[in-house]
Amino acid sequence: MLNEEIREIRQNRRFLARLRRNRVDSRSGDTNGSREVQASKDYRNRFQEEDQINDGELEERLSNEDDREPELNFPPLRPPDIIRSMYRCITEDTLDLNTAARIIQNEKNRGTFSQAVYDEFVRSDIVHRVNVFKYDGLYGNPHTLADALRDFTLSNIAHQLRADILTAQLKRISREIDVSTTKDAPQTDPKVELRNCVGTWILDAPPPFAKINLQEASEKWQRRKRDTTFQQLTALFRFVLMQATDPPEKIQDYSIRMNNRGGRNGNLKDLPDIVENILVGFAEDMMGYGRDEIKNPSKVDLSNSRFYLGLGENERERKFELEILKAERKRWRPDIYRALQRALRDIRSYSYEDGTENFIWKPNNRQSKRRFEEPCNTDGFY
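Set out below in structure tokens:
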């Protein structure tokens, strides 16, 4: 394309040169000169820019054009709107999987698909109430191999979406059971300490969450001696969550909702499952409840476990102490969720200073004046 333009410019320059010579001849009586002079004016207007460039400048510009990569000014990609579109696939308690699968596939083709936005849709309150999954993508016969491949792809997406929704619904029900069935308050007051950890806890979630080692991030955290276990958990979560996102202030967009209650602020997002589960597990580990002997004894050979053998002098004492630890872990689980909820609420009330090398969080007056932090009612989770 560029070589053809060069050739056309050179041909036009030769033609203009001939017209100039004919114009000079027309002054000496040539009858055809007037028509050629008029044509020269038309071509001069069209190629005025090229006519002002001498041969040396033209060659230099063309050589520079050859070395420079062409600029492709594509329109910017629009922000993903998968959530807004997929909500339209829900009618009362029925989700149209075929339409939802097509929306997801279109987002993938455009390069605007967001896993975080998809997860938010799957875990939303509206989707949680879906009981019927409708899929009519298998009706009709494909006419070409391309049609068959497209139908196969859409079918896979629809099945994956249904599986993700069912998994999210089961997780929510399980969490609600953990909170609602445990009515007895914990009888112990364990210390929240890093030395209790037996596992490695890495927070690795989709943006805006950053990948951080929770043990390393908590090394600078210091618990106050007079704080209760609930206060220690809340302070630990605040300390970790203020480092959990990039940029840091994005954490203020998240909350925890329980018991199918929408909460007071509809603009807040649910904390992703992967983040919630890692933080809860990390807190349990720091309290001393992170061992497999306590969480899932069936996976451990208790007869070879040094931890289990150290619980008592005989088998009866060991089983008794292990059952106490399992029961206390279960009793503490609702308070861990409440501490995480309280920490997110506190951070949303913080202000911050940006534009400097160090991002600074500034607690508000309510946070600094509050003397006691008691577990909040589950009806008020938000």
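Going by UniProt numbering, the letters in the sequence shown line up with residues 1 to 382, in that order.
Just so it is clear, CB atoms sit at the ideal spot from N, CA and C, and this is done for glycine as well.
Boundaries for L194: no beta strand (DSSP E) harbours it, and the DSSP string shows neither H nor E there. For the 7 angstroms CB-CB criterion, R331 and P186 form a contact. For the pair H143 and L154, the Cα-to-Cα distance works out to about 16 angstroms. For L95, the enclosing beta strand (DSSP E) starts and ends at 94-96.
Nearest C-alpha to V192 among A210, A168, L203, T228: T228.
When DSSP reads this structure, N213 sits in a beta bridge with I202.
In this structure, R329 and E284 form a Cβ contact; the two beta carbons are roughly 6 angstroms apart against a cut-off of 8 angstroms. Restricted to the stretch 269-316, the alpha helix (DSSP H) segments that are unbroken, complete and at least 4 residues in length are 273-287, 292-295, 306-309, listed in chain order. S351 carries a strand assignment under DSSP once its states are collapsed to helix, strand and coil. About 28 angstroms separates the Cβ atoms of I126 and L203, ruling out a contact at the 8 angstroms cut-off. F133 sits in a strand when the DSSP states are folded into three classes.
The Cβ atoms of P208 and K250 sit closer than 7 angstroms to each other. Closest by C-alpha distance to V117, out of P272, F230, K319, is P272. Per the DSSP secondary-structure output, S255 pairs in a beta bridge with D270. Between R345 and E313, the alpha-carbon positions lie close to 46 angstroms from each other. If the five residues before and after K211 are omitted, its C-beta is found closer than 6 angstroms to the C-beta atoms of D204, all from its own chain and listed in chain order. The C-beta distance from R318 to L325 rounds to 11 angstroms, too long to meet the 8 angstroms contact threshold. In terms of Cα proximity to H128, the closest of G199, G290, L166, L322 is L166. T99 is the residue among R150, L170, T99 whose C-alpha sits nearest the C-alpha of F133. In this structure, V300 and D292 form a Cβ contact; the two beta carbons are roughly 5 angstroms apart against a cut-off of 8 angstroms.
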